[in-house]
Structure formats: C-alpha cells, structure tokens
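Student: In our numbering, the protein residues as written are 50 to 120. Don't be surprised by glycine CBs; every beta carbon is placed ideally from N, CA and C.
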C-alpha cells in the first residue's frame, strides 16, 4: 500500500520534478497543492502519512518589496 504525502507549495518558482520523482520512487502517492493558485488545504490530516511544505526563492532582505502572503 502506498503512503500518501501532501506536498504544499507556496508558489511555482522552483522546479520540483526531481524531488517528486524521488518521492514517487520511494513509494509515496503524491498530492501537490499550490497555494498561490488558490488550491485549498486538506480539511483533515486523516489518511495523510506525510506533509512536505516548501517556500519560495524569497530571501529575508526582500520582505519589504514582497510581503508575506498568508493562506
């Protein structure tokens, strides 16, 4: 039985293909949610075996020009 991993991406700035393929190769059933596209978060963590949350290419010194978006 595959393990279910929810992959939360704040945006699509980075290519995550290699990471996704590696996780799938390890037996994970991957569900990707792109928060910047308005995709909803799971209503429950039930039946989720793992949660991977990524950020963006934003650096700390850029916060005044690119404010944090809260989802």
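In this structure, does DSSP put residue 86 in helix, strand or coil?
Tutor: Residue 86: helix per DSSP, three-state reduction.
Student: Between the Cα of residue 60 and those of 102, 84, 69, spot the shortest distance and give me the residue it belongs to.
Tutor: That would be 84, whose Cα lies nearest to the Cα of residue 60.
Student: Let me confirm a value: residue 13 is counted as buried when at least 16 other C-beta atoms fall within 10 Å, else exposed. Which label applies?
Tutor: With the chain covering 50 to 120 only, the question about residue 13 has no answer from this structure.
Student: Taking the alpha-carbon positions, what's the residue 103 to residue 87 distance?
Tutor: Cα to Cα, the separation comes out at about 16 Å.
Student: Less than 6 Å between C-beta atoms, sequence neighbours within five positions excluded: which residues of the same chain meet that for residue 63?
Tutor: Cβ neighbours of residue 63 beyond the five flanking positions: none.
Student: On the premise that residue 97 lies in contact with residue 91, defined as a C-beta separation below 8 Å, what is that separation, rounded to the nearest angstrom?
Tutor: Confirmed, Cβ separation roughly 7 Å.
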